[in-house]
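Chemist:
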Amino acid sequence: MKMSLLSDLVNLNLSETTEKVIAEYIWIGGSGMDIRSKARTLPGPVTDPAKLPKWNYDGSSTGQAPGDDSEVILHPQAIFRDPFRRGNNILVMCDAYTPAGEPISTNKRYNAAKVFSHPDVVAEEPWYGIEQEYTLLQKDVKWPMGWPRGGYPGPQGPYYCGVGADKAFGRDIVDSHYKACLFAGINISGVNGEVMPGQWEFQVGPVAGISAGDELWVARYILERITEIAGVTLTFDPKPIEGDWNGAGAHTNYSTKSMRTDGGYEVIKKAIEKLGLKHKEHIAAYGEGNDRRLTGKHETADIKNFLWWQTEEPPLELVERQREMGKVISRTGGLLLTWIHMW
1387 MKMSLLSDLV
1397 NLNLSETTEK
1407 VIAEYIWIGG
1417 SGMDIRSKAR
1427 TLPGPVTDPA
1437 KLPKWNYDGS
1447 STGQAPGDDS
1457 EVILHPQAIF
1467 RDPFRRGNNI
1477 LVMCDAYTPA
1487 GEPISTNKRY
1497 NAAKVFSHPD
1507 VVAEEPWYGI
1517 EQEYTLLQKD
1527 VKWPMGWPRG
1537 GYPGPQGPYY
1547 CGVGADKAFG
1557 RDIVDSHYKA
1567 CLFAGINISG
1577 VNGEVMPGQW
1587 EFQVGPVAGI
1597 SAGDELWVAR
1607 YILERITEIA
1617 GVTLTFDPKP
1627 IEGDWNGAGA
1637 HTNYSTKSMR
1647 TDGGYEVIKK
1657 AIEKLGLKHK
1667 EHIAAYGEGN
1677 DRRLTGKHET
1687 ADIKNFLWWQ
1697 TEEPPLELVE
1707 RQREMGKVIS
1717 RTGGLLLTWI
1727 HMW
């Protein structure tokens, strides 16, 4: 009876009694991977982030400010429908600034926004498609879902896109996340089970410019919330289980307008050559833990090597669909840094 009442209260439709709405402000914490949020009441519906009030938080509690000068200011940047509260309630992706208006050191969005607003970049209409892999863990033991406690499942092979209680672990979470992202207005384009049991992937995109980063971070937030409700731990660790098990990444597909038009294949090749000249710089920006994942095994390249190849004729269906594909970015990848470095 008590749980039924709690459920009823959680799902109250506020629009029946008030014009007020709840806005959940979301931001990236001090580690660069932790997601923080808090809610506030607004007098009515808002669809333009520029019309939302700025807010503040205690940066000393998130590792983003000293204790004697801890105020950090949130600037709303993107609005999404709230799949948890529904109605006119919203999720708000923010970035963080000092009270003087300077971006704090962990605010990578600020510089990314400057890059993406440059006229040359705007003219090229950069598209991103991100394949975000993740692992679901049993909360109390931090061991993948579907794995026997203290033991291991059968070898990899039947789990990738697998179906059945002995192959797919956590599908309700995955499907809930898929639908919640669609409800929120995120351009989520698919989901699938991954090679290691207990590991899954969702794809966001194609999305233009900095919106790709905003959408992926909010998709991650929604997934964190759903696993919280389910009593399951979510990890984006690039190699959560050592040994003969696949790691995971946030693989990033990328193209520009020049790549998507006639003669684009030559533009792609030139871009790849430029990427090769900055390989170490890119690896440094693509997130922590890649050295554990990029070993040359388990469908990865060695972290020290930049590899690409071509056939005499480009695979037409691939060129038309994606144009260029980067498969090195860590699950924990600094997404906005990734966007900048691809430019």
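One point on numbering: in this note's numbering, the residue at position 144 of the sequence shown is 1530, and numbering is uninterrupted. Beta carbons: idealized from backbone N, C-alpha and C, even for Gly.
With a threshold of 6 angstroms on Cβ separation, who are the neighbours of Pro1592 within its own chain once the five nearest residues in sequence on each side are excluded?
Modeler: Stepping through the sequence shown from its first residue, residue 1592 is reached at position 206. Cβ neighbours of Pro1592 beyond the five flanking positions: Trp1513 and Gly1515.
Chemist: On the DSSP letters alone, give me the boundaries of the alpha helix (DSSP H) that Trp1603 sits inside.
Modeler: The count along the sequence shown starts at 1 and reaches residue 1603 at position 217. Element bounds for Trp1603: Ser1597 to Ala1616.
Chemist: Identify every run of the beta strand (DSSP E) within the segment 1396 to 1461, keeping only runs that are complete inside it and at least 3 residues long; order them along the chain.
Modeler: The segment 1396 to 1461 contains these whole beta strand (DSSP E) runs: 1407 to 1414, 1421 to 1428 and 1441 to 1444.
Chemist: How far does the beta strand (DSSP E) with Asn1639 in it reach, from first residue to last?
Modeler: Position 253 of the sequence shown, counted from the start, is the residue given in the question as residue 1639. Ala1636 to Ser1641 is the extent of the beta strand (DSSP E) around Asn1639.
Chemist: Pick from Ala1464, Trp1529, Gly1629 and Glu1580: whose alpha carbon is nearest that of Ala1547?
Modeler: Numbered from its first residue, the sequence shown carries residue 1547 at position 161. Per the sequence shown, residue 1547 should be read as Cys rather than Ala. When each option's Cα is compared against that of Cys1547, the closest is Glu1580.
Chemist: Taking contact to mean at least 3 C-beta pairs separated by less than 8 angstroms, is the segment 1607 to 1619 in contact with the segment 1556 to 1566?
Modeler: yes
Chemist: Can you give me the start and stop residues for the alpha helix (DSSP H) that Leu1693 sits inside?
Modeler: Sequence index remark: in the sequence shown, residue 1693 carries index 307 (1-based). Where Leu1693 is concerned, there is no enclosing alpha helix (DSSP H), because DSSP gives it neither an H nor an E.
Chemist: Please report the straight-line C-alpha distance between Leu1702 and Gln1696, rounded to a whole angstrom.
Modeler: Mapped onto the sequence shown, residue 1702 falls at position 316. Mapped onto the sequence shown, residue 1696 falls at position 310. Summary for Leu1702: the model assigns pLDDT 48, below 50, so the residue's position carries little reliability, and this model does not support an answer.
Chemist: Please list, in chain order, all residues of the same chain as Gln1708 whose beta carbon is under 6 angstroms from its beta carbon, the five residues on each side excluded.
Modeler: As a position in the sequence shown, residue 1708 is number 322, starting the count at 1. In this prediction, Gln1708 has a pLDDT of 42, which is less than 50 and means its spatial position is unreliable; nothing more can be read from the coordinates.
Chemist: Met1419 and Asp1600 - do their beta-carbons sit closer together than 8 angstroms?
Modeler: Counted from its first residue, the sequence shown places residue 1600 at position 214. Counted from its first residue, the sequence shown places residue 1419 at position 33. Not a contact, by the Cβ cut-off of 8 angstroms.
Chemist: Could you pull out every unbroken alpha helix (DSSP H) segment of at least 4 residues lying fully inside the segment 1450 to 1525, listed in chain order?
Modeler: 1495 to 1502 and 1505 to 1510
Chemist: Compute the minimum distance between the beta carbon of Ile1615 and the heavy atoms of the ligand ADP, and state whether it is under 7 angstroms.
Modeler: The ligand ADP is not part of the structure shown, which contains no ligands of any sort.
Chemist: Figure out for me which residue from Thr1521, Trp1529 and Gly1584 has the closest Cα to the Cα of Ala1551.
Modeler: Counting from 1 along the sequence shown, the entry for residue 1551 is found at position 165. Closest by C-alpha distance to Ala1551, out of Thr1521, Trp1529 and Gly1584, is Gly1584.
Chemist: With burial defined as no fewer than 16 other Cβ atoms inside 10 Å of the residue's Cβ, what is the status of Pro1624: buried or exposed?
Modeler: Here residue 1624 is taken as the residue at index 238 of the sequence shown, counted from 1. Flag for Pro1624 reads buried.
Chemist: Bridge partners of Thr1621, per DSSP?
Modeler: Residue 1621 sits at position 235 when you count from the first residue of the sequence shown. Thr1621 pairs with Thr1521.
Chemist: If we ignore side chains and look at the alpha-carbon of each, how far apart do Glu1706 and Asp1468 end up?
Modeler: Counted from its first residue, the sequence shown places residue 1706 at position 320. Counted from its first residue, the sequence shown places residue 1468 at position 82. Interpretation of Glu1706 is limited by its pLDDT of 44, a score under 50 that renders its predicted location unreliable; the figure taken from the coordinates is listed afterwards. Each residue's alpha carbon lies about 34 angstroms from the other.
Chemist: Helix, strand or coil for Asn1573? Go by DSSP, reduced to three states.
Modeler: Along the sequence shown, one-based indexing puts residue 1573 at 187. In this structure, Asn1573 counts as coil in the three-state DSSP scheme.
Chemist: Assign Ala1671 to one of three DSSP states: helix, strand, or coil.
Modeler: Residue mapping note: residue 1671 aligns to position 285 of the sequence shown, counting from 1. Ala1671 falls in the helix class under three-state DSSP.
Chemist: Less than 6 angstroms between C-beta atoms, sequence neighbours within five positions excluded: which residues of the same chain meet that for Lys1553?
Modeler: Position 167 of the sequence shown, counted from the first residue, corresponds to residue 1553. Taken in chain order, the residues that qualify are Pro1544 and Tyr1545.
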